[in-house]
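Participant: Residues 316 to 461, numbered by our numbering, are exactly what the sequence shown covers, in order. Could you have a look at this structure, given as structure tokens, before my questions?
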Amino acid sequence: MTHANRPATVEIHHPQPLTPAPLVPAQPGPTPAVQSIVLPDGRVVTGYTLTPASAPAPSAARPLVSRTAANIALGGIGFGAVCGGLFLLTTFITALAALITQLIILAAVIFGGWIAVQVFGTGWHDRGGTTVNIRKAVIKRSHFHG
316 MTHANRPATV
326 EIHHPQPLTP
336 APLVPAQPGP
346 TPAVQSIVLP
356 DGRVVTGYTL
366 TPASAPAPSA
376 ARPLVSRTAA
386 NIALGGIGFG
396 AVCGGLFLLT
406 TFITALAALI
416 TQLIILAAVI
426 FGGWIAVQVF
436 GTGWHDRGGT
446 TVNIRKAVIK
456 RSHFHG
């Protein structure tokens, strides 16, 4: 038989029953460092005493919502209010630009009409005036000969 094929040694442990300890009357005074407790079935458990857990000291009441979350929420509300104002401002600027454009077009139409009347129309001073005929002019050696 090789080392790998050898059966392992098995140890068997049998539980030993605890013998009940005699009851020790509790001594008045401070709690001892080691305390024994008798269970209903007669067994005695001995151990160190535990200091009772005290309730944590009441701290300042924490708000339901953190300050950071509240500041973010208030910032969002403020941003929403500003966006409404900015929307109205852009609407006002658009309307003002349209008004200025219409006034410029109106001025161009009126001024253009006045120029057209001056050029193509006959005014009151042209009725019965002198007609001037322009004839061909000959320019020789930078002299005008009419």
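The C-beta atom is built at its ideal place from N, Cα and C for all residues, glycine as well.
Should the segment 378-386 be called in touch with the segment 349-364, which here means at least 3 C-beta pairs below 8 Å?
Facilitator: no
Participant: Looking at the unbroken alpha helix (DSSP H) that takes in V434, where does it start and where does it end?
Facilitator: Counting from one through the sequence shown, the residue named residue 434 turns up at place 119. Segment R382 to F435, the alpha helix (DSSP H) holding V434.
Participant: Going straight from the alpha carbon of A370 to that of A376, what length do you get?
Facilitator: For this step, residue 370 is matched to residue 55 along the sequence shown. For this step, residue 376 is matched to residue 61 along the sequence shown. Those two C-alpha atoms are separated by around 15 Å.
Participant: If you compare alpha carbons, which of T324, V325, A423 and I352 is closest to P337?
Facilitator: Working through the sequence shown from its first residue, we reach residue 337 at position 22. Closest in C-alpha terms to P337, from the list T324, V325, A423 and I352, comes I352.
Participant: Would you tell me roughly how many angstroms separate the C-alpha atoms of I419 and G399, rounded to the nearest one?
Facilitator: Stepping through the sequence shown from its first residue, residue 419 is reached at position 104. Stepping through the sequence shown from its first residue, residue 399 is reached at position 84. Cα to Cα, I419 sits roughly 31 Å from G399.
Participant: In this structure, does DSSP put Q350 in helix, strand or coil?
Facilitator: For this step, residue 350 is matched to residue 35 along the sequence shown. Note: Q350 maps to strand in three-state DSSP.
Participant: Give the secondary structure of T361 by DSSP, where H, G and I count as helix, E and B as strand, and everything else as coil.
Facilitator: Indexing the sequence shown from 1 puts residue 361 at position 46. DSSP places T361 in the strand class (E or B) of the three-state scheme.
Participant: Skipping 5 residues on each side, what residues in its chain have a beta carbon closer than 7 Å to that of L333?
Facilitator: Along the sequence shown, one-based indexing puts residue 333 at 18. Excluding residues within five positions, the ones whose Cβ falls inside 7 Å are R358.
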